[in-house]
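To start, the structure under review is shown below, and the notes come after it.
What follows is the structure, encoded as structure tokens:
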């Protein structure tokens with residue numbers, strides 16, 4: 044399940060609701076990952092653009108991979124502006140097995156950072172500035188420049 | 044912070060309270076791990092013994108390690124009986140950095156399984172049976188048998 | 003004609019381009035000063051599926067999307 | 003005399019043993035049928051600190067704890 048929110052994600056509600064949703068599913072391990080906006084470099088927050096069609100197909104491919112391992116994934120992300128000390132990203136894996144869950148949350152979050160079609164902007168001095176220095180070209184980028 | 048509970052850990056309350064406790068601490072990543080009792084092999088639940096003095100020193104050593112990496116750890120565990128589909132273990136790392144947090148939750152949970160002085164029993168047919176087949180000798184075990 | 007869309011931080015309106023493969027799209031964009039510098043860092047999707055070959059065939063009505071470097075989370 | 007305690011699933015009351023090192027404790031326990039089979043899988047703590055050598059010195063009043071295989075979580 045993929046959930047998008049305008050502004051901060053409702054972290055507390057998500058952590059509890061997801062736990063309750065799977066309370067009877069007989070998963071032994073639940074590992075959420077929560078990303079929160081840090082106060083650094085004088086920003087007042089971050090802002091995000093999302094291209095939903097490709098985010099959804101990327102997420103669906105991961106869900107299929109999780110299903111094959113007996114696990115499931117849930118994810119929520121913010122659109123637009125997110126203030127300091129609030130959260131923009133919550134992802135979670137549920138699995139019968141601890142080791143599967145620990146590996147999957149790592150691999151999922153790392154691939155999310157490298158592949159999910161989301162663009163980050165610093166909010167600074169009333170401006171919205173693309174975070175080019177922290178961004179990663181998606182695998183296979185550059186063919187149009189050849 | 045290490046918290047022990049008689050019976051199931053209050054997972055929902057812990058996930059939310061820990062998030063709130065560190066809401067202003069400027070950590071970018073929060074990763075809880077929640078262990079829930081699975082319905083398998085006909086058990087009606089699990090039960091736990093804890094030797095607290097050594098659990099506390101084990102946890103303190105990990106907290107020191109986390110502090111050196113700029114992170115912090117929190118952990119809760121059950122004492123006594125825990126029914127199916129409730130949780131006996133919640134651990135969490137907070138870190139400024141995603142990669143530090145992902146590696147630390149993995150290493151912490153794996154060392155917890157191998158080293159924390161906690162003994163697990165299956166509850167079955169009204170009996171409390173030591174889970175010998177799933178238990179691991181602590182590193183350095185066996186010197187008295189030499 | 004295919005429609006070329008620019009995502010995220012590329013501040014540019016969509017274009018209509020005559021193209022039978024992605025190679026034709028590349029040629030059109032390389033002569034466009036506004037987007038030229040983005041090309042070597044952009045991934046490309048055709049009808050919302052990422053593609054990795056300039057030989058990808060296109061037909062009229064297809065949508066080509068340029069995805070600059072990402073940073074979710 | 004040192005006090006020897008058995009933790010977790012080892013169903014045995016604490017013992018008082020005359021010992022100047024852990025080697026003396028090992029000798030006493032190896033002749034005790036109730037605990038003999040646990041010894042090769044147990045870790046040992048002296049005054050709540052894990053130790054790995056039979057040469058660990060003991061003094062009167064010390065507490066020796068036997069920790070059988072663990073499984074938290």
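Residue numbers (our numbering), protein chains in the order written: chain D, 44 to 189; chain Y, 44 to 189; chain S, 3 to 75; chain A, 3 to 75. Don't be surprised by glycine CBs; every beta carbon is placed ideally from N, CA and C. As the structure is a computational prediction, the values presented were derived from the model and not from experiment.
Proximity to residue 78 (chain D) [Cα-Cα], best of D:68, D:153 and D:102:
In terms of CA proximity to residue 78 (chain D), D:153 leads the group D:68, D:153 and D:102.
Compare the C-alpha of residue 136 (chain Y) against each of Y:107, Y:82, Y:91 and Y:96 and name the closest.
Measuring from the Cα of residue 136 (chain Y), the nearest candidate turns out to be Y:107.
Using only alpha-carbon positions, find the residue among D:186, D:61, D:140 and D:171 that is nearest to residue 114 (chain D).
D:140
Can you tell me whether DSSP reads residue 20 (chain S) as helix, strand or coil?
coil
Can you check which of these residues, Y:110, Y:102 and Y:117, is closest to residue 60 (chain Y) by C-alpha distance?
Ranked by Cα distance from residue 60 (chain Y), the first of Y:110, Y:102 and Y:117 is Y:117.
Any idea if residue 142 (chain Y) is buried or exposed, counting beta-carbon neighbours within 10 angstroms, 16 or more meaning buried?
exposed
Kindly say whether residue 71 (chain D), judged by its beta-carbon, lies nearer than 7 Å to any beta-carbon of chain Y.
yes
Mind checking the segment 75-99 of chain D against chain Y and listing, in chain order, the residues whose C-beta falls within less than 9 Å of any C-beta there?
Hits within the stretch, in order: 75, 76, 77, 78, 79, 80, 81, 82 and 83.
Just to make sure I have the definition right: I need the residues of chain S whose C-beta is within less than 8 Å of the C-beta of residue 155 (chain D). Which are they?
In chain order: 74 and 75.
Decide if the segment 34-43 of chain A is in contact with the segment 82-91 of chain Y; the criterion is three or more beta carbon pairs, one per stretch, under 8 Å apart.
No: fewer than three Cβ pairs fall under 8 Å.
Work out the CA separation of residue 182 (chain D) and residue 23 (chain S) for me, nearest whole Å.
20 Å
Taking beta-carbon pairs under 8 Å, can you tell me which members of the segment 112-145 of chain Y lie near chain B?
Note that chain B does not occur in the displayed structure, where the protein chains are D, Y, S and A.
Should residue 159 (chain D) be flagged as near chain Y, meaning a C-beta pair shorter than 7 Å?
no
Which same chain residues end up closer than 6 Å to residue 65 (chain A) when comparing Cβ atoms and leaving out the 5 residues on each side of it in sequence?
5 and 49
Just to confirm my understanding: we take residue 69 (chain D), look at its own chain, exclude 5 residues before and 5 after, and list those with CB closer than 8 Å. What are they?
139
Three or more beta-carbon pairs under 8 Å between the segment 19-36 of chain A and the segment 166-178 of chain Y, yes or no?
no
Examine chain Y for any beta-carbon lying closer than 7 Å to the beta-carbon of residue 57 (chain A), and answer yes or no.
no
Run through chain Y and tell me which residues come within less than 7 Å of residue 31 (chain A), C-beta to C-beta.
187
Going by DSSP, name the residue or residues bridged to residue 163 (chain Y).
Y:91
Which residues, in order along the segment 162-180 of chain Y, keep a beta-carbon less than 8 Å from a beta-carbon of chain A?
Correct list: 162, 163, 164, 173, 174, 175, 177, 178, 179 and 180.
Strictly below 7 Å CB to CB, what residues from chain S border residue 50 (chain D)?
Ordered by position in chain S, no residue passes the 7 Å Cβ test against residue 50 (chain D), which lies about 16 Å from the chain.
Could you check if residue 184 (chain D) is buried or exposed, using at least 16 other CB atoms within 10 Å of its CB as the buried criterion?
buried
Could you name the residues of the same chain whose beta carbon sits closer than 8 Å to that of residue 178 (chain D), not counting the 5 residues immediately before and after it, in chain order?
162 and 163
Give me the Cβ distance between residue 74 (chain A) and residue 175 (chain Y), rounded to the nearest whole Å; I'm assuming they're in contact under 8 Å.
Contact doesn't hold; Cβ gap of about 15 Å is too wide.
Do residue 3 (chain S) and residue 15 (chain S) have their C-beta atoms closer together than 7 Å?
no
So, under 8 Å CB-CB, residue 46 (chain S) and residue 187 (chain D) are touching, yes? Tell me the CB distance rounded to an integer number of Å.
6 Å
Taking 7 Å as the CB-CB limit, is residue 66 (chain D) close to chain Y?
yes
Would you say residue 47 (chain A) faces chain Y, with C-beta separation under 7 Å as the test?
So, interface residue.
Residue 94 (chain D) and residue 11 (chain S): beta carbons closer than 7 Å?
no
Leaving aside the five residues before and after residue 25 (chain S) along the sequence, list all residues of the same chain whose C-beta is less than 8 Å from its C-beta, in chain order.
56 and 57
Does any residue of chain D bring its CB to less than 7 Å from the CB of residue 55 (chain Y)?
yes
Is there a C-beta anywhere in chain Y that falls below 7 Å from the one on residue 42 (chain A)?
yes
Cutoff 7 Å: residue 21 (chain Y) Cβ touching any chain D Cβ
Residue 21 (chain Y) falls outside the range modelled here, since chain Y spans only 44 to 189, and no answer is possible.
For residue 7 (chain A), which residues in the same chain have their Cβ closer than 8 Å to its Cβ, ignoring the five residues on either side in sequence?
Closer than 8 Å at Cβ, skipping near neighbours: 16, 65, 66, 67 and 68.
Can you tell me which residues form a DSSP beta bridge with residue 3 (chain S)?
In DSSP, residue 3 (chain S) forms no bridge with anything.
Distance between residue 60 (chain S) and residue 82 (chain D) (C-alpha atoms, nearest Å):
46 Å
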